[in-house]
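Under our numbering, the first residue of the sequence shown carries the number 36, and numbering increases by one thereafter.
A short worksheet on the structure shown next.
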Amino acid sequence: MIALRSSPFTSGVCLRCLVYIALVLAISCYSESGVAAEKGQTDSAQATASSVATATEEAATFHSARDFMKEANKFLADGLYLEAADLFETVLTYKDAKHLWPKATLLAGECYLKAARAIDSDKLRKQAIERFKTFEKSFPDSPLMEQVSYFWGLALFELGDWFEAEPRFLELLNRFPESQFAPDAEYHLGQIMEKSQKYLEAQKKYYKVIEYYRRPAKDVEDATFRIARISELIGKHDLAVKWYLLACKRNRTRCLMDSDVLFYRGNAYYALGQPGEAAKHLGRFVNIFPSDPRYDDAMLTLAGSLAALNDLKGAAAILSALFSSGRPEKRAEAQLRLAELEQKTGKKLSDEGFMDLYRKIVDETPYSDQAMVASVRISKEFLKDGDFKGCLKYVDWFFGTFDQNKFTNEMFDVRDNAVLGLMKSLLDQKEYFAGAMLFERRK
36 MIALRSSPFT
46 SGVCLRCLVY
56 IALVLAISCY
66 SESGVAAEKG
76 QTDSAQATAS
86 SVATATEEAA
96 TFHSARDFMK
106 EANKFLADGL
116 YLEAADLFET
126 VLTYKDAKHL
136 WPKATLLAGE
146 CYLKAARAID
156 SDKLRKQAIE
166 RFKTFEKSFP
176 DSPLMEQVSY
186 FWGLALFELG
196 DWFEAEPRFL
206 ELLNRFPESQ
216 FAPDAEYHLG
226 QIMEKSQKYL
236 EAQKKYYKVI
246 EYYRRPAKDV
256 EDATFRIARI
266 SELIGKHDLA
276 VKWYLLACKR
286 NRTRCLMDSD
296 VLFYRGNAYY
306 ALGQPGEAAK
316 HLGRFVNIFP
326 SDPRYDDAML
336 TLAGSLAALN
346 DLKGAAAILS
356 ALFSSGRPEK
366 RAEAQLRLAE
376 LEQKTGKKLS
386 DEGFMDLYRK
396 IVDETPYSDQ
406 AMVASVRISK
416 EFLKDGDFKG
426 CLKYVDWFFG
436 TFDQNKFTNE
446 MFDVRDNAVL
456 GLMKSLLDQK
466 EYFAGAMLFE
476 RRK
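Quick look at the structure:
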């Protein structure tokens, strides 16, 4: 090994080298730390930007759902039900707005129901029901079940599913007895009972609407009219008249223009023996509602009212007008009543005469109840005139046409008297063989 001797020169060089090396190392360390710091700042900025973007997106989603709800409610208020329903359905697609789902689901169903009513669409009613089913499954404890139960019941009722609608209305009354929809629910339950011919139960429901809720609502008005109608249907005509009078105090216009009120009120007065009032209401009915399916029945009762008032020509004109009815049984009934009226009063009220009217009934509607009555009337008229053969012709037709459960003692008496009369006539003419044969055939 060679040993260097120390000198001032060598000592200076080494020192400068060491300083240089230290400086280079320092610069290198500073550069690396600067890069690292810059990288850290960049990462932090990117993370912050990402967080802000996420928050902005979430805020946009939330506000979009709220905006849809706001716009949908405007459409609903303006009666644009299907447009509103589409927006409510859109709200249900936003997973970050679940707090809006119950209200959106309810209102979507309500919109479908209102649209269905506007255009009478059972398809839309079924869509509404599907929304209500979804609501019950997803939010069974929500206070909004009050509206859901009510609208669900309405949709089912309007579809004709009365027995499915009943538990929905009952659920509303049981869970929300103070609900604003309670009177209407009771009213619809009354209608369901009425349609099921459970008239007393229906009356109880209508009474409850009137007595319990006691407010100037359409339900109360309708319930009053329906109690009157049910009273007439079950034969309590005096109560029917009483309730109609009460109902008409609530709504006089309806009493003058409603087909149900005019028809049933007229029938109630007729049954009570007040033909003047009956004629007034039924006359108005037939003038205003000539296409109503009850028109022929109203005309028949109107004719009876006019006859009771001794307006025979008016009654005959009403009955004659029904001769052109498209319903054979009503035409036969009109012919029968006119024939009986003419026969009873002895006045010429028809072009044909009562006997020809009776024959026409037998010929045109041979298996009707009117034909059965007409054949009895013809037979008795022949018997009275001594035309025993003519009498027995219709007697035989009667017994050969109708079932035994329709045979009457009156017709048996007519037959026996006709046979005896004919036998006596044959004996008087000394036609003993014919008389004996008649006896053998008739005994």
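Cβ coordinates follow ideal geometry from the N, Cα and C atoms, glycine included.
All of these numbers come straight from a predicted model, not from anything done at the bench.
- Apart from the 5 residues on each side of it in sequence, A151 sits with its Cβ closer than 6 Å to the Cβ of L159 and R160 in its chain, given in chain order.
- Of the residues assessed, S340 falls on the buried side of the cut-off, its CB having 16 or more other CB atoms within 10 angstroms.
- Judged by DSSP in its simplified three-state form, L344 adopts coil rather than helix or strand.
- Taking C-beta atoms under 8 Å as the contact rule, L427 and A453 qualify, at a distance of about 5 Å.
- Between the stretch 397 to 405 and the stretch 379 to 388, the count of Cβ pairs shorter than 8 Å is below three; the stretches do not touch.
- In the three-state DSSP reduction, Y402 falls in the coil class, being neither helix nor strand.
- Non-local beta-carbon contacts of G456 in its own chain, meaning distances under 6 Å to residues more than five positions away in sequence, involve F423 in chain order.
- Note on geometry: alpha-carbon atoms of A153 and L235 lie some 33 Å from one another.
- No residue range can be given for E213, since it is assigned to no alpha helix (DSSP H) and is classified by DSSP as neither H nor E.
- A275 and R300 have their alpha carbons spaced roughly 7 Å apart.
- Excluding its 5 nearest sequence neighbours in each direction, A350 has C-beta neighbours in its own chain below 6 Å: A338, L341 and A342, listed in chain order.
- Scanning its chain for C-beta atoms nearer than 8 Å, with the 5 sequence neighbours on each side dropped, one finds around E375 the residues F389 and R412, in chain order.
- Boundaries of the alpha helix (DSSP H) harbouring G301: S294 to A306, taken from the DSSP string.
- Here DSSP, grouped into helix, strand and coil, assigns K161 to helix.
- Looking only at D448, M407 and R362, the smallest Cα-Cα distance to P328 is reached by R362.
- The beta-carbon distance between L142 and A163, rounded to whole angstroms, is 11 Å. This is too long to meet the 8 Å contact definition.
- For K109, the closest C-alpha among the options C146, N286, Y241 and A132 is that of C146.
- Between R287 and F260, the C-beta gap is not smaller than 9 Å, which leaves the two residues out of contact.
- Between K105 and E118, the alpha-carbon positions lie close to 13 Å from each other.
- The three-state reading of DSSP puts G270 in coil, since its state is none of H, G, I, E or B.
- The three-state reading of DSSP puts S385 in coil, since its state is none of H, G, I, E or B.
- For K239, the uninterrupted alpha helix (DSSP H) run begins and ends at Y234 to K243, by DSSP.
- Spatial neighbours of L189 in its own chain (CB-CB distance under 8 Å, excluding positions within 5 residues in sequence) are listed in chain order as L148, A200 and H223.
- Between G144 and F174, the CB-CB gap reaches or exceeds 9 Å.
- In the displayed model, F442 falls within coil according to three-state DSSP, outside both helix and strand.
- Going by DSSP, R329 is part of no alpha helix (DSSP H) at all; its letter is neither H nor E.
- Under the three-state reduction of DSSP output, G318 falls in the helix class.
- Leaving aside the five residues that flank F211 on each side, the residues in its chain whose CB is nearer than 6 Å to its CB run, in chain order, E181.
- When rounded, the separation of the alpha-carbon atoms in K419 and S231 is 49 Å.
- Following the DSSP letters along the chain, one finds G435 inside the alpha helix (DSSP H) bounded by residues F423 to T436.
- Listed in chain order, the non-local C-beta contacts of W187 below 6 Å within the same chain comprise F167 and R203, local neighbours out to five positions each way being set aside.
- Contact between L371 and M334 is absent: CB atoms are separated by about 14 Å, not below the 8 Å threshold.
- Contact check for A107 and L122: beta-carbon distance about 4 Å, within the 8 Å limit, so the pair qualifies.
- Sorting V255, D346 and K172 by C-alpha distance to the C-alpha of R285 places V255 at the top.
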